[in-house]
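In my numbering, the protein residues as written are 188 to 624. A short worksheet on the structure shown next.
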Ligand SMILES: C[S@@+](CC[C@H](N)C(=O)[O-])C[C@H]1O[C@@H](n2cnc3c(N)ncnc32)[C@H](O)[C@@H]1O
């Protein structure tokens, strides 16, 4: 039996054979953890402290994966899901759990991961930055397209769940779904549509990803005739594994996003933080109690943190391996009137190497999910900046890297959850480290 859409409903029955399991807590991935006869079960769509009947989906070496078929005694935090596609669509894992419990469970997972993988004791958990809204927070969405359907992959297979709306996406991105669906048929072998929305400008940049080049005239006419005027730029892209390659672009290649007193130019191929409801608080959490003579921001993107940080010290350098992001960042330094910041295109390793032997008061890190490279950590610990602020979107790689940093003489002063992705299992955080006296 496939997953059901009515998982918010505790009376769901199944004909499959089930096990009665008591859920202790959530674990990374959005599963509930239960133990039965010395075996660990990871149970999808369960909530902490509830009793469920679950069907085993897959036996693994050390544990089994299971799915709730009937909630026998529901958790106090269980609620009806917010979205009609929940339980089928793979985008969200925690909609059936009250938001405050989602935050508490993510904090527990973060601390447990730092203890287990990072071997860190007595982690000082600081107040979380919660999302300003549980829904409507995403300004970037990557839709999948297959067999005329537009939506997201099912959680259990690579089939696209056709959607009319997505509650976590910004309301204006939802307004765009219908016109985007009209573009599917004319474009051959269309696989994905990526949307970036600027709430400040009410503008969209849209990328179409397909293995076969789109005829330029076709994309021009889709932009003019099917898409609303707020779609100011569209591009034709191919994908090679994780890398998107642009074939051509029509219209404006960037938009502008205001965050508090700062304005950022964001190009179609640059990164920008997804959740607009916490941007300003996130920046304040990174630059609180910061002062420096010289700092570097090693994964600076368009300067999201670098520019606000530059107000707190004498001189800061930002670097990023993405040339589009660096060119946006340079532009952003100018429009925000910052003359004590310099941006360079460089990967983190090369930038650190070029600054070997320099006295650095602060290094800011915000690497991709894979975390830091081993050689980056080696250079960092040789250089020994006074403070390190590590922003992470993956608690496992964070824990691995913090372990090395603490071993080499840093003290982890505190860690803070930043709930960038409500309704999903993803965990963003900021860690504050200081070199041991
Ligand atoms: C999670 S984003 C953060 C960007 C920025 N701090 C922000 O908040 O908008 C990670 C950034 O790291 C960059 N990046 C990925 N691998 C890198 C590397 N090895 N060296 C430097 N930058 C890298 C990406 O281009 C991306 O801009």
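Just so you know, even glycine gets a beta-carbon here, dropped at the ideal spot from N, CA and C. Here the structure is a predicted model, which means the values were calculated and not measured.
{"Query": "Put residue 271 into one of helix, strand or coil per three-state DSSP.", "Result": "coil"}
{"Query": "What is the rounded straight-line gap between the Cα of residue 193 and the Cα of residue 480?", "Result": "Caution is warranted here: a pLDDT of 40 is assigned to residue 193, below 50, making its placement in the model unreliable, and no coordinate value can be reported."}
{"Query": "To the nearest angstrom, how far is it from the Cα of residue 211 to the Cα of residue 263?", "Result": "13 Å"}
{"Query": "Is it the case that the region 593–613 contacts the region 208–223, given that we only count it when at least three CB pairs across the two stretches are under 8 Å?", "Result": "yes"}
{"Query": "Can the beta-carbon of residue 500 be found closer than 9 Å to that of residue 445?", "Result": "no"}
{"Query": "Under the rule that 16 or more other beta-carbon atoms within 10 Å means buried, what is residue 602, buried or exposed?", "Result": "buried"}
{"Query": "Note down, in chain order, each residue of its chain lying with its Cβ closer than 7 Å to the Cβ of residue 318, except the 5 sequence neighbours on either side.", "Result": "324, 462, 464, 465, 606, 609"}
{"Query": "Can you grab the Cα-Cα spacing for the pair residue 490 / residue 559, in whole Å?", "Result": "19 Å"}
{"Query": "Please report the straight-line C-alpha distance between residue 457 and residue 473, rounded to a whole angstrom.", "Result": "21 Å"}
{"Query": "In this structure, how does DSSP classify residue 417 when only helix, strand and coil are distinguished?", "Result": "coil"}
{"Query": "Is DSSP giving residue 311 helix, strand or coil here?", "Result": "coil"}
{"Query": "Can you check DSSP and say which residues form a bridge with residue 318?", "Result": "Answer is none; residue 318 lacks a bridge partner."}
{"Query": "Quick check on DSSP: helix, strand or coil for residue 562?", "Result": "helix"}
{"Query": "So, for residue 596: in the same chain, excluding its five sequence neighbours on each side, which residues have a beta-carbon less than 8 Å away from its beta-carbon?", "Result": "568, 571, 622, 623"}
{"Query": "Pair every Cβ in the region 356–375 with every Cβ in the region 396–416, then say whether three or more of these pairs are closer than 8 Å.", "Result": "yes"}
{"Query": "Kindly indicate the opening and closing residues of the alpha helix (DSSP H) around residue 511.", "Result": "510–522"}
{"Query": "Could you round the C-beta distance between residue 394 and residue 590 to whole angstroms and report it? I think they count as a contact, below 8 Å.", "Result": "Incorrect: roughly 38 Å between the Cβ atoms, too far for contact."}
{"Query": "Please state whether the Cβ-Cβ distance between residue 553 and residue 575 is less than 9 Å.", "Result": "no"}
{"Query": "Report whether the distance from the Cβ of residue 491 to the nearest heavy atom of ligand 1 is below 8 Å.", "Result": "yes"}
{"Query": "Where residue 376 and residue 288 are concerned, what is the direct C-alpha to C-alpha distance, given to the nearest angstrom?", "Result": "41 Å"}
{"Query": "Under DSSP, the alpha helix (DSSP H) around residue 292 begins and ends at which residues?", "Result": "286–303"}
{"Query": "To the nearest angstrom, how far is the alpha carbon of residue 226 from that of residue 573?", "Result": "45 Å"}
{"Query": "Using a Cβ-Cβ cutoff of less than 8 Å, which residues in the same chain neighbour residue 254 once the five nearest sequence positions on both sides are dropped?", "Result": "190, 230, 231, 232, 241, 242, 244"}
{"Query": "Helix, strand or coil: how does DSSP classify residue 442 here?", "Result": "strand"}
{"Query": "Just the C-alpha distance for residue 251 and residue 527, rounded to the nearest angstrom, thanks.", "Result": "54 Å"}
{"Query": "Please indicate yes or no: does the CB of residue 536 lie closer than 8 Å to some heavy atom of ligand 1?", "Result": "yes"}
{"Query": "Restricting to Cα atoms, I'd like to know which of 580, 454, 530 is closest to residue 487.", "Result": "530"}
{"Query": "Hey, residue 400 and residue 342: beta-carbon distance below 9 Å or not?", "Result": "no"}
{"Query": "Measure the CB-CB distance between residue 312 and residue 290 and report whether it falls below 9 Å.", "Result": "no"}
{"Query": "Taking the beta strand (DSSP E) that residue 479 falls in, what are its first and last residues?", "Result": "479–484"}
{"Query": "Report the start-end ranges of each alpha helix (DSSP H) in the region 335–390 that is 4 residues or longer and not cut off at the edges.", "Result": "358–369"}
{"Query": "Are at least three pairs of beta-carbons, each pair with one atom in the region 340–356 and one in the region 268–276, less than 8 Å apart?", "Result": "yes"}
{"Query": "In chain order, what residues of the same chain have a beta carbon less than 6 Å from the beta carbon of residue 387, not counting five sequence neighbours either side?", "Result": "444, 445"}
{"Query": "With respect to 8 Å, is the separation between the Cβ of residue 585 and the closest non-hydrogen atom of ligand 2 below this value?", "Result": "No copy of ligand 2 occurs in the structure displayed; its ligands are ligand 1 alone."}
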